[in-house]
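Residue numbers (full-length UniProt numbering): 15 to 85. Notes for the one structure printed next.
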Ligand code: 9UX
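Below, the structure written as structure tokens:
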């Protein structure tokens, strides 16, 4: 069954940042849907269960943003 996360995202300041993070998350294998809220600085991610949080963090960091450690 798919799993859903709400992840904090640090470093976004504009709508283009939102698009970059959504694209980065969406391209992780197993991610079905990624929706970023700039106002709350969070991402909602729906994914197939095998996707690891560390993989999502790495994708966000590669795009230039951060998921704080421990979240
Ligand atoms: Mo524009 Mo958002 O460079 O970082 S994409 S402010």
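C-beta atoms are modelled at their ideal positions from N, C-alpha and C, and glycine is treated no differently. It should be emphasised that the depicted structure is a prediction, and the values quoted were computed from it without experimental measurement.
Please report the straight-line C-alpha distance between residue i and residue j, rounded to a whole angstrom.
i, j, result
"residue 29", "residue 55", "12 Å"
"residue 37", "residue 78", "12 Å"
"residue 39", "residue 84", "18 Å"
"residue 76", "residue 15", "28 Å"
"residue 74", "residue 62", "18 Å"
"residue 47", "residue 58", "8 Å"
Closest to residue i by CA distance: which of the options is it?
i, options, result
"residue 45", "32, 17 and 23", "17"
"residue 42", "78, 85 and 64", "64"
"residue 20", "49, 38 and 31", "49"
Report all residues from its chain with a CB closer than 7 Å to the CB of residue i; omit the five preceding and five following residues, and keep chain order.
i, result
"residue 82", "22 and 24"
"residue 69", "42"
I'd like the list of long-range same chain contacts for residue i, defined as Cβ closer than 6 Å, with 5 residues on each side in sequence excluded.
i, result
"residue 71", "81"
"residue 60", "16, 18, 46 and 47"
Would you identify the three-state DSSP class for residue i, choosing helix, strand or coil?
i, result
"residue 70", "helix"
"residue 75", "helix"
Quick one: what's got a C-beta closer than 8 Å to residue i's C-beta in the same chain, skipping five residues either side?
i, result
"residue 26", "32, 35, 50, 52, 55 and 79"
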